[in-house]
Amino acid sequence: MIALLWKDLLIEFRTKETLASLLMLGLLTLLILSFAFDPMSELRGEAAPAVLWVAVIFAGVLGINRSFLTERDNECMQGLLLAPVDRGTIYLAKVAGNILFMVVAQAVIVPIFVLFFNLSQSLLVLMRLVPILLLGLTGFAAVGTLFAAVSVRTRAREVMLPLLLLPLAVPVLIAGVKASTRILAGKPLADVSQWLHLLIGFDALFLVVGWMVFEYAVEE
Amino acid sequence: MPNVRRLFDFIVGPLTGLTMLAAIYMVFVYVPTDKFQGIVQRIFYFHVPAAIITFVAFGLVAVASAMFLWQGTRFWDRLAHSAAECGMLFCTIVLITGPIWARPIWGTWWTWDARLTTTLILWLIYAAYLMLREFSASGDQAARYAAVLGIVGVIDIPIINRSVYWWRTIHPAVLITRQGGTGLTDPRMRATLLVSFIAFAFLLSWLIWIRNESARLQDEADQLQQHLLTGHD
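Protein chains in written order, with our numbering: chain A, 268 to 487; chain B, 48 to 280.
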């Protein structure tokens, strides 16, 4: 699994394609949504978490899609499947790679988001967003990776992933936005434990399900 | 299979017609008009059975999907596909009849109540399911991909429902209870609902049967075509 993950990281390190596009899309989403919700208005406290999560989701869909598009070129997927490892392991490696890419992208996007929206919370409050983002990204990657493997081999493959992923990821989005709103309002983590539990449950459940059914999604 | 065919052709089909006629008669003539809600309340007798039948159909999709991945026979795949299409039909009926009732009673076509939102997301998931089938390269691939989604979808539904429910109940919802005080007090109302439900259950099995048969014939036609084109299977 480490070898598989390392392979993806090495490709990324050499081309920087996924990270660059993830970052740019995330930033552009922030920009576009800043026009939609005036970042200087009174409403920004309400709108800010929503904007952040939309940026996370859009960039996430793109990044997850890319993770299988690259395998499609030159029939790399064939090679992967021929490797003497369990299909579930390939899945976990892909999920781990996707999470890593998204985390790195978020590490840039979130500070810029804080700047754009003039959030005046202390660093301590902002740090509390980290577990929520991590859990949200994990759940998103768990479902997304499974369906990216599916959608990459359908016609209309660019559209198919969001169509499949977004309705399924509704719990992640709701929990993420709700928990972030409360955190940014200065509440402690214990206050959002309900949402954290939901996210943890979602992550665990879909990592297991994905690990189990991934082989049907990649079988030739 | 001939016995099953006879069962559907001579028993389920006619019964669907009869119970549906009975349900329509009861909804429009027999059942008393609701004292508080007036005439619109009658849509309830189609709305609620359709909602229950939607869940039955999507549950069937999940079971058939799991069986397909396990056994790999075309039968389970056809069943999953037929059930998904019929489920979409009833889900659409629910989403159309709901707002027609909500407009005069709640004063709004739509509210982000937990149940409404869940139904809408359900509709979107299975719309994507049917699109995934259309957009897949080969029938075999479509079947496997759809089965994966069929299973993941049904696992997700309780979580979606929970999250949407929390989402709306932290902020007070416009209206949470659906029936509240104006429950079905009259026994004739309960009888109508029951007959309606039976009619919808027959309709679902009848539709799935017809859809399933046409899918089976399509499969056979494809095989024959393959046979003729290549000279072997």
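No residue lacks a Cβ here, since even glycine has one placed at the ideal position from N, Cα and C. These numbers were taken from a predicted model, which means no experiment stands behind them.
With a contact defined as Cβ atoms closer than 8 Å, G355 of chain A and F469 of chain A miss out at about 19 Å. Close to chain B, meaning a Cβ-Cβ distance shorter than 7 Å, are the following residues of the region 423 to 448 of chain A: A423, M427, L430, L431, P434, L435, V437, P438, I441, A442, K445. Here DSSP, grouped into helix, strand and coil, assigns D81 of chain B to strand. Runs of the alpha helix (DSSP H) lying entirely within the region 362 to 442 of chain A and spanning at least 4 residues, in chain order: 390 to 394, 396 to 418, 424 to 435. Following the DSSP letters along the chain, one finds T166 of chain B inside the alpha helix (DSSP H) bounded by residues 161 to 182.
Contact residues of the region 84 to 109 of chain B toward chain A are absent (C-beta to C-beta distance below 9 Å).
From the beta-carbon of L465 of chain A, the residues of chain B found nearer than 8 Å are I206, R209, S210, W213. Distances from the alpha-carbon of Y212 of chain B to those of B:V199, B:Q188, B:R162 put B:R162 closest. With at least 16 other beta carbons inside 10 angstroms of its own, E132 of chain B counts as buried. Within chain B, the C-beta atoms nearer than 9 Å to that of R420 of chain A come from S183, A184, Q188, Y192, in chain order.
Judged by their CB atoms, C138 of chain B and Y176 of chain B are not nearer to each other than the 8 Å cut-off. Just measuring C-alpha positions, the residue of A:C343, A:I399, A:L319 sitting nearest F304 of chain A is A:L319. When B:L196, B:R215, B:V59, B:D266 are compared, the shortest CA-CA separation from G106 of chain B is found for B:L196. With fewer than 16 other Cβ atoms inside 10 Å of its own Cβ, E267 of chain B counts as exposed. In the structure shown, T277 of chain B falls within a helical segment according to DSSP collapsed to helix, strand and coil. At a C-beta separation below 9 Å, F469 of chain A has these neighbours in chain B: D203, I206, S210.
For F55 of chain B, same chain residues with a beta-carbon under 6 Å away, outside a window of 5 residues either side, are W256 in chain order. With at least 16 other beta carbons inside 10 angstroms of its own, M369 of chain A counts as buried. In this structure, G330 of chain A sits away from L276 of chain A, with a CB-CB distance that is not shorter than 8 Å. Straight through space, the alpha carbons of W478 of chain A and R125 of chain B are spaced by roughly 26 Å. In terms of Cα proximity to A246 of chain B, the closest of B:T66, B:A189, B:F57 is B:T66.
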